[in-house]
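Reminder that position 346 of the sequence shown reads as 345 in numbering that gives the first Met the number 0, one-by-one numbering, no gaps. What follows is a set of notes on a single structure, which appears directly below.
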Amino acid sequence: MRGFEWTPHRILLVSYLGVILVGSFLLYLPPSTTRDISYLDALFTATSATTVTGLVVLDTEKDFTLSGKFIIFLLVQLGGLGYMTFTTYFLIALRKKLGLRERLILAESFNYPGMHGLVRFVKRMIPVVFLIEFLGALALFPSFLFKLKDPVDALFASVFHAISAFNNAGFSTFSENLMSFRRDLWVNMVISLLIVIGGIGFYTIYELILYKKGEVKRLSTHTKLVFLSSTVLIVLGFMVLLFDIWRFKDLPMEEKILASLFRSISARTAGFNTIDISKLSEASQFVLVNLMFVGASPGGTGGGIKTITAVVVFLAVLSYVRGRPDVVVFGRRLIDAQVHRAMVVLSLAFAYNTLMATLLAELENIRLLPALFETVSAFSTVGFSLGNPKGLSLSADFSPLGKFLIILTMIAGRVGVLGFMLALVGKEKPSHVKLPETRLLL
């Protein structure tokens, strides 16, 4: 096609679509399911797994065989790290040289700032990711063995949930998600820790490793902001949710505290459930919408507009109100391109979610808040839903067009709203150049 160029964003989008289509075909085959399902539901499930969202229109425990669950498990792992990441890692392992395009794609996948040290970054991070997931599965095994009794089932469930949690997917092999573990402090803490580690971003994890080894003398502005923003959002979400959950008379005090903390951590990225969200007040549900909209940190396994984008926009507004020409954080000035990019991401995300929520509310004849909740959950690849009576996502009751809109939203959210727009209509300029430390990963 004349004028068409295979840019990094387009290659990433096509790679995700390829994995989704292959996954949907495998899930549609009879060996993967316990009953007949529509191809649209198989496509929805494959998209939800590959984009590490967690919205379900089929019961993962009852509607899928072990083979089907294993396919979902692989799609979550591929989606969390990226198909291109695995391909490139194997090329590196085989000592193949990477061209400029491969490096650009890899840098875009991880949101890595520049080309310097990129190969070393990938070679170090992939084993670290597998180690974290292995330790998570090991930690979950005793609790799941106590519940399931069978060691093989417990082992599969442990690995499945460890990978799902680290990749912020929210998929569970239990029909009720993690509600039966609401009182289990150990499971709650392990899952929460995996969610946080996966959500802070691969670059942040990498920098922490270098800092621990003494290879860098101080943490970057980006990493400091990631920890500050993540902590603030978790604490604020916890306080608001605890205020609402406190009225639940059937829960003892310690469960209310644990459920509020777990929900605050899971709300921004993962979508695991320990209580019924539909029982929360509309005010709390709207708070969850905002937490989901912000999402995880750049370069991580979660979605949303990203914590750094939200912080930059907040600081830009604060600087403008104070009459200051520059946006300053930790004594360092942010370059204008960073502020402009953050504003564009926020504007596009707000417009996209508003449009989709309005369309779904009219198309499916539902109230705006549930429609907005489902839309933002899909866009931010969270997986929370106000649900239907069968315990599935609200999307399970949608028309084929409604389900397709959610599928489109999950893909747009996983690629990133700006990346999605650039892949469709934009002409990209090389962005991965060496910039000062104040270049944040948006």
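Glycine residues also receive a C-beta, built at the ideal position from the N, C-alpha and C atoms.
| Asked | Found |
| --- | --- |
| Report yes if the C-beta distance between SER296 and VAL55 is below 8 angstroms; otherwise report no. | no |
| Quick test of your reading: GLY270 and GLY382, contact by CB under 8 angstroms. State the CB separation rounded to the nearest angstrom. | 3 angstroms |
| So LEU218 and TYR210 are in contact, right, with Cβ under 8 angstroms, and what is the actual spacing, rounded? | 6 angstroms |
| Rounded to the nearest angstrom, what separates VAL327 and ALA422 at their Cα positions? | 32 angstroms |
| Comparing alpha-carbon positions, which option in TYR15, TRP5, LEU359 lies nearest ARG413? | TYR15 |
| Between the region 329-340 and the region 298-305, are three or more C-beta pairs nearer than 8 angstroms? | no |
| Would you tell me roughly how many angstroms separate the C-alpha atoms of PHE349 and VAL13, rounded to the nearest one? | 24 angstroms |
| With distances taken from CA atoms, which of MET355, LEU134, THR33, ALA341 is nearest PHE313? | ALA341 |
| Check the DSSP bridge columns for ARG332 and list the partner residues they point to. | VAL327 |
| Can you give me the C-alpha to C-alpha distance between VAL231 and GLY17, rounded to a whole angstrom? | 38 angstroms |
| Among the residues of its own chain, which have a CB less than 6 angstroms from the CB of ILE405, if the five just before and after it don't count? | ALA377, SER394 |
| Leaving out five residues before and five after THR52 in sequence, what residues of the same chain have Cβ atoms less than 8 angstroms from its Cβ? | THR46, ALA168, GLY169, GLY270, GLY302, SER376, ALA377, THR380, VAL381, GLY382, MET409, GLY412, ARG413 |
| Is THR273 helix, strand or coil when you go by DSSP? | coil |
| Return the chain-ordered list of same chain residues with a C-beta closer than 7 angstroms to the C-beta of LEU417, the five sequence neighbours on each side being excluded. | VAL343, VAL344, LEU347 |
| Would you list the one or two residues that DSSP bridges to PHE63? | THR32 |
| Just tell me which of LEU257, ALA360, LEU80, LYS255 has its CA closest to the CA of LYS402. | ALA360 |
| To the nearest whole angstrom, what separates the beta carbons of VAL161 and ALA136, a pair I think is in contact under 8 angstroms? | As written in the sequence, residue 161 is Ala, which differs from the Val given in the question. Contact holds; Cβ gap of about 4 angstroms. |
| Judging by CA-CA distance, which residue of LEU367, GLU363, HIS339 is the nearest neighbour of ASN352? | LEU367 |
| Residues in its own chain within less than 7 angstroms of LEU260 by CB, not counting five upstream and five downstream? | PHE237 |
| Jot down the residue ranges of each uninterrupted alpha helix (DSSP H) in the region 139-171, minimum 4 residues, whole runs only, in chain order. | 150-165 |
| Over what stretch of residues does the alpha helix (DSSP H) that includes ASN289 continue unbroken? | 281-293 |
| Which residue comes first and which comes last in the alpha helix (DSSP H) that contains LYS212? | Careful: LYS212 lies outside any alpha helix (DSSP H) and carries neither H nor E. |
| When you compare only the Cα positions, how much space is there between GLN284 and GLU363? | 20 angstroms |
| Nearest to THR33 by alpha carbon, out of LEU139, ILE276, LEU57? | LEU57 |
| Are the beta-carbon atoms of ILE190 and LEU177 separated by less than 8 angstroms? | yes |
| I'd like to confirm something about ILE334: is its beta-carbon nearer than 7 angstroms to some heavy atom of the ligand FAD, or not? | Here there are no bound small molecules, and the ligand FAD is not part of this structure. |
| Could you work out which residue in ILE70, SER171, ILE264 is closest to VAL293 when comparing CA atoms only? | ILE264 |
| So, at 8 angstroms on beta carbons, what are the nonlocal neighbours of MET0 in its own chain, with the 5 sequence-adjacent residues on each side left out? | Caution is warranted here: a pLDDT of 49 is assigned to MET0, below 50, making its placement in the model unreliable, and no coordinate value can be reported. |
| What do you get for LYS68, buried or exposed, if any count of 16 or more other CB atoms within 10 angstroms of its CB means buried? | buried |
| What did DSSP end up calling GLY322 once you bin it into helix, strand or coil? | coil |
| Looking at the secondary structure, which residues open and close the alpha helix (DSSP H) in which LYS255 lies? | 252-266 |
| Quick check on the DSSP output: the alpha helix (DSSP H) that includes TRP245 runs from which residue to which? | Premise fails: TRP245 is in no alpha helix (DSSP H) and is neither H nor E. |
| In or out: ALA282 buried (at least 16 other Cβ within 10 Å) or exposed? | exposed |
| Can you list, in chain order, the residues of its chain with a C-beta nearer than 6 angstroms to that of PRO429? Leave out the 5 residues immediately preceding and following it. | Confidence is the limiting factor: at PRO429 the pLDDT is only 46, short of 50, which leaves the residue's position unreliable, though a coordinate-based value still follows. Taken in chain order, the list of residues that qualify is empty. |
| Below 6 angstroms CB to CB, which residues in the same chain sit around THR203 once its five sequence neighbours on both sides are set aside? | THR222, VAL225 |
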